[in-house]
Amino acid sequence: MEAWLFEALMLLAFGCSWPASIAKSLRTRFVRGKSPAFMTIVLGGYACGIVHKLLNPAGPDAGFLAQHVIWLYVLDMALVGTDLTLYFLFRKNAEPARAGA
1 MEAWLFEALM LLAFGCSWPA SIAKSLRTRF VRGKSPAFMT IVLGGYACGI
51 VHKLLNPAGP DAGFLAQHVI WLYVLDMALV GTDLTLYFLF RKNAEPARAG
101 A
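First residue of the sequence shown? That's 1 in the UniProt record's numbering, and the numbers climb one at a time after it.
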C-alpha cells in the first residue's frame with residue numbers, strides 16, 4: 001500500500017465532518033460551542049500539509065491520485081474556512097428557541 005492512500009483517506013475522513021457543521025450553522029444561525037481557536041489551528045495544520053506537498057511533490061511515476069492529493073487539503077481548508085466565517089458571522093446571535101419551550 002502507498003502512504004498517499006492513507007493520507008487521502010485521512011483527509012476524506014476529516015473532511016466529512018465539516019459539511020454537517022456548516023449545514024447546522026446555516027440552518028440554526030447559531031454557533032455556540034464552536035471554537036474559532038480550534039478551527040484556526042486546523043487551518044494551520046492543513047496549510048502545513050499543503051506546504052509539505054509543494055516542497056515534496058509526488059514523482060512523475062506516481063499515480064494520478066497521488067499527484068493530486070493536495071486538492072483534498074485545499075477542499076478541507078475551504079470547508080474549515082467556511083465554518084470559521086460562519087462562526088464570526090453568527091457569533092452574536094441568540095440561541096434559537098426550542099420547540100417545546
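For each residue, glycine too, the CB sits at the ideal point set by N, CA and C.
task = Report all residues from its chain with a CB closer than 8 Å to the CB of residue 90; omit the five preceding and five following residues, and keep chain order.
result = 25, 29, 30 and 31
Rank 77, 18, 95 and 35 by C-alpha distance to the C-alpha of residue 44 and give the top, closest one. 77
Task: Limits of the alpha helix (DSSP H) - the one that residue 76 falls within - done: 70 to 90
9 Å Cβ cutoff met for residue 74 and residue 18:
no
- [ ] Just list the beta strand (DSSP E) runs in the region 10 to 34, keeping only unbroken ones of 3 residues or longer that don't cross its boundaries, in chain order.
- [x] none
On the criterion of 16 or more Cβ atoms from any shown chain inside 10 Å, does residue 83 qualify as buried, or is it exposed?
buried
Alpha carbon of residue 37 to alpha carbon of residue 62, nearest angstrom:
36 Å
Discussion item. Using a Cβ-Cβ cutoff of less than 7 Å, which residues in the same chain neighbour residue 95 once the five nearest sequence positions on both sides are dropped?
Written reply: 30 and 32
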